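Numbering (the UniProt record's numbering), first residue to last: 1 to 71. Cβ atoms here follow ideal geometry from the backbone N, Cα and C, with glycine treated the same way. Keep in mind the model is a prediction, meaning the values are calculated, not measured. Take a look at the structure below.
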């Protein structure tokens, strides 16, 4: 990635962060890192969603990880 491309990513992230702050939802470091990886092509949205899902499941009680019962 060139310096110009990196600057564009930084500017886009700054705008997104400002919008989140104005909405009262500050951007977390984790979310910023995810967006940066997507914006630079390091990963895809699908990969980041799956990684977030795995992190969330790892924090859950094992009993809660079971899929809900089908009707």
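Buried versus exposed call for residue i [16 or more other C-beta atoms within 10 Å across all chains shown]
i	result
residue 34	buried
Contact check, residue i vs residue j, beta carbons under 8 angstroms
i	j	result
residue 9	residue 39	yes
residue 13	residue 42	no
residue 37	residue 48	yes
Below-8 angstroms beta-carbon distance, residue i vs any chain C residue
i	result
residue 48	No chain C appears in this structure, which consists of one protein chain only.
When you compare the segment 17-24 with the segment 46-66, are there three or more beta-carbon pairs, one atom per stretch, that lie closer than 8 angstroms?
no
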